[in-house]
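**Student:** Dropping the structure in here first, questions after.
Number of protein chains: 2
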Amino acid sequence: MMERQAGVALWRQIADRMRLAINNGDFDETGMMPPETVLAARFGVNRHTVRSALASLAEEDIVQPMQGIGTRILRSRHLRFPIGRRTRLSQGLGAQARELEGLLLEAACEAAPQAVTDALTLAPGTACVRLETVHSADGRPVSRSTSFFPASRFAGIDAAYRRSGSITAALRAFGVSDYLRKSTEISAVHAEGDDMQRLRLSPGAIVLTATAVNTDLADVPVQYARTRFPADRIKLTVEPES
Amino acid sequence: MMERQAGVALWRQIADRMRLAINNGDFDETGMMPPETVLAARFGVNRHTVRSALASLAEEDIVQPMQGIGTRILRSRHLRFPIGRRTRLSQGLGAQARELEGLLLEAACEAAPQAVTDALTLAPGTACVRLETVHSADGRPVSRSTSFFPASRFAGIDAAYRRSGSITAALRAFGVSDYLRKSTEISAVHAEGDDMQRLRLSPGAIVLTATAVNTDLADVPVQYARTRFPADRIKLTVEPES
DNA sequence: TTCGGTTGTCTAGATTAATAGACATCTAGG
DNA sequence: CCTAGATGTCTATTAATCTAGACAACCGAA
Chain X
778 MMERQAGVAL WRQIADRMRL AINNGDFDET GMMPPETVLA ARFGVNRHTV RSALASLAEE
838 DIVQPMQGIG TRILRSRHLR FPIGRRTRLS QGLGAQAREL EGLLLEAACE AAPQAVTDAL
898 TLAPGTACVR LETVHSADGR PVSRSTSFFP ASRFAGIDAA YRRSGSITAA LRAFGVSDYL
958 RKSTEISAVH AEGDDMQRLR LSPGAIVLTA TAVNTDLADV PVQYARTRFP ADRIKLTVEP
1018 ES
Chain S
778 MMERQAGVAL WRQIADRMRL AINNGDFDET GMMPPETVLA ARFGVNRHTV RSALASLAEE
838 DIVQPMQGIG TRILRSRHLR FPIGRRTRLS QGLGAQAREL EGLLLEAACE AAPQAVTDAL
898 TLAPGTACVR LETVHSADGR PVSRSTSFFP ASRFAGIDAA YRRSGSITAA LRAFGVSDYL
958 RKSTEISAVH AEGDDMQRLR LSPGAIVLTA TAVNTDLADV PVQYARTRFP ADRIKLTVEP
1018 ES
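These protein sequence lines are chains X and S, in that order.
Here the working numbering is used: the first residue of the first sequence is 778, the next is one more, and so on.
Here the working numbering is used: the first residue of the second sequence is 778, the next is one more, and so on.
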């Protein structure tokens, strides 16, 4: 049933599977997890091992144990983030959450890495403004972004972003009335370091990473962004254009 | 540096990071891994722990240890799989591999799960043909697909697929001259069970999952597919339409 | 109040992971 | 032919994980 000796602790494998089952709506009828003894039998492990897994999910605020009653399921449901020609970070989640919040963690102007200058068709080492942001939906972090803008054209865009809390508005302040997504590259890795903390993930959690280039209406690249989404809270969708 | 007591063995965390570094081209200059003692110092662990990690990568045929010389890096580089309005499984990888191979694992006709009938706008429990396939590039498995076709319209499509080895050709045999992708939903999870074996992944490895619906030119859904890609070998790209 | 079912806690032992050190084995190069 | 530097193998010890069992604490309902 479960893999032993795999380099991943049994309780973590079980936690992953239970998180998946919860997001899949497997326990929606009752809103409760099955009793620990039942889960232990189902996974073929000791009850203590299941308890470790449940403790991990409780740490993530996914379940809430209640002595004498059972273990309640708190949140479920994936949010959907649409990717298309007119992808906007804040708008995308739109009506799926009651409250959306963007936070600017850091802003700097520095020589950009080669991957960035290549994507923006700049000379190697060109200075760029770098913005580090986190977005939360209903108090839960849902994305962590690192954006680059050519400094020659967008010097001070960090201040504009700070005022408006929106990339779209900040770009408009620099004469970019509209912008389109030129390309998106999607991958997935295990969460690490800063992302783990900012997105409040446990070690071994998966983050979807979307690397995107946006251009203005003249097809000139204006932004390079690498956004990380917690895979257990967000699904990416690719929709045809209207 | 590395997380202990996290439910994920140190050697596996290190293996993940090294696999990422390899795919990132960090060691392309020499084509060799740094010596085990250097890696051990860099990660702050014992040499034996690094050796466990390297053994895991060797198991995946990512590196090849050579006594007295060092540890050679075998393959690297991600393949890119484009997702768009005209996504085709085989064509997508096109020129990126010398040899592409599709294999039909299983075919069955059965009542489809609700997620499938919902997506194909069929009545719950409608019979569908289910195809299980694996695709390999240069001998390495790169995707594992589960497809559903409405049985009323496509009974026997498994035979057509077996003959041609292509979904596109199989659909054409049933009068679908062309088809378009209506929606794609992307997520990522840890590899499990059959996928782990078929894609030759180790436990804890990440698979990107793309759930797609294709329609014919009259906008009638013809196929529901759930494709799993090994995240360490494939990146998904979303390109605007030409 | 009593009872069945649930989570919470404790102890003990067995298995697996990680550290530490020593030394063998192999290769390229001086 | 050596030697420096690399991987391969072995033993021993410590720490973390998993199993096993017992019982306490708590809740809801009969």
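Each residue gets a CB set at the ideal place from its N, CA and C atoms; glycine is no exception.
1. Please confirm if Ile963(S) has its CB atom under 8 Å from at least one CB of chain X.
2. For Asp793(X), which residues in chain S fall below 7 Å Cβ to Cβ?
3. Pick helix, strand or coil for Ala900(X), following the three-state DSSP scheme.
4. For chain X, is any of its Cβ atoms less than 8 Å away from the one on Ile934(S)?
5. Going along chain S in order, which residues have a C-beta closer than 8 Å to the C-beta of Ser960(X)?
6. Using DSSP with H/G/I as helix, E/B as strand and the rest coil, what is Glu962(S)?
7. Name the chain X residues whose beta carbon is nearer than 9 Å to that of Val785(S)?
8. In chain order, what residues of the same chain have a beta carbon less than 6 Å from the beta carbon of Ile963(X), not counting five sequence neighbours either side?
9. Taking 8 Å as the threshold (C-beta atoms), are Ile839(S) and Ala965(X) in contact?
10. Phe951(S): which of Val999(S), Ala889(S), Glu876(S) and Arg875(S) sits nearest, CA to CA?
11. So, is the C-beta of Leu985(S) closer than 8 Å to a C-beta in chain X?
12. If you draw a straight line from the C-alpha of Asp955(S) to the C-alpha of Leu994(S), how long is it?
13. Would you please state the rounded distance, in angstroms, between the beta carbons of Arg1005(X) and Asp972(X)? I believe it to be under 8 Å.
14. Given that Arg862(X) touches chain S, what residues does it touch there, using C-beta distances under 7 Å?
15. Nearest CA to the CA of Ala1008(S): which residue from Leu985(X), Leu948(X) and Phe820(X)?
16. In angstroms with no decimal places, state the Cα-to-Cα distance between Arg977(X) and Glu837(X).
17. At 4 residues or longer, and completely inside the region 899-960 of chain S: list those alpha helix (DSSP H) runs for me, N to C.
18. Measure from the C-beta of Leu994(X) to each C-beta in chain S and report whether the shortest distance is under 8 Å.
19. Starting from Gln841(X) and walking both ways along the beta strand (DSSP E), at which residues does that stretch end?
20. Can you give me the start and stop residues for the alpha helix (DSSP H) that Arg824(S) sits inside?
21. Taking Arg819(X) as part of the beta strand (DSSP E), name the residues at either end of that continuous run.
22. Could you check which residue in Thr961(X), Gly847(X), Gly981(X) and Asp996(X) has the C-alpha nearest to that of Ala968(X)?
23. Could you tell me whether the Cβ of Leu797(S) comes closer than 8 Å to any Cβ of chain X?
24. Name the chain X residues whose beta carbon is nearer than 8 Å to that of Ala1008(S)?
25. Of all the options Arg1003(S), Gly845(S), Ala872(S) and Thr807(S), which has the alpha carbon lying nearest to the alpha carbon of Arg907(S)?
26. So the candidates are Ala946(S), Gly784(S), Thr961(S) and Met810(S); which of them puts its Cα closest to the Cα of Leu831(S)?
27. Rounded to a whole number of angstroms, what is the C-alpha to C-alpha distance between Ala900(S) and Cys886(S)?
28. Taking only the alpha-carbon atoms, compute the straight-line gap between Val815(X) and Leu787(X) and give it to the nearest angstrom.
29. According to DSSP, simplified to helix, strand and coil, what is Ala892(X)?
30. So, are the CB atoms of Ser833(X) and Ala884(X) less than 8 Å apart?
31. Which word fits Leu856(X), buried or exposed, when buried means at least 16 other C-beta atoms lie within 10 angstroms of its C-beta?
32. Using only alpha-carbon positions, find the residue among Pro1017(S), Ser829(S) and Ser913(S) that is nearest to Glu876(S).
33. Counting only the same chain and skipping the five closest in sequence on each side, list residues whose C-beta sits under 7 Å from that of Ser979(S).
34. Report the residue from Ser920(X), Gly933(X) and Leu881(X) whose alpha carbon sits nearest the alpha carbon of Ala904(X).
**Tutor:** Put simply:
1. yes
2. His967
3. coil
4. no
5. Thr1014, Val1015, Glu1016 and Pro1017
6. strand
7. Gly784, Val785, Ala786, Arg789, His967, Pro980 and Gly981
8. Ala987
9. no
10. Val999(S)
11. yes
12. 7 Å
13. 5 Å
14. Pro1017
15. Leu985(X)
16. 7 Å
17. 928-931, 934-941 and 944-949
18. no
19. Val840 to Met843
20. Arg824 to Glu836
21. No beta strand (DSSP E) holds Arg819(X); the alpha helix (DSSP H) holding it covers Glu813 to Phe820.
22. Gly981(X)
23. yes
24. Ser964, Ala965 and Val966
25. Arg1003(S)
26. Met810(S)
27. 16 Å
28. 16 Å
29. helix
30. no
31. buried
32. Ser913(S)
33. Ser833, Glu836 and Glu837
34. Gly933(X)
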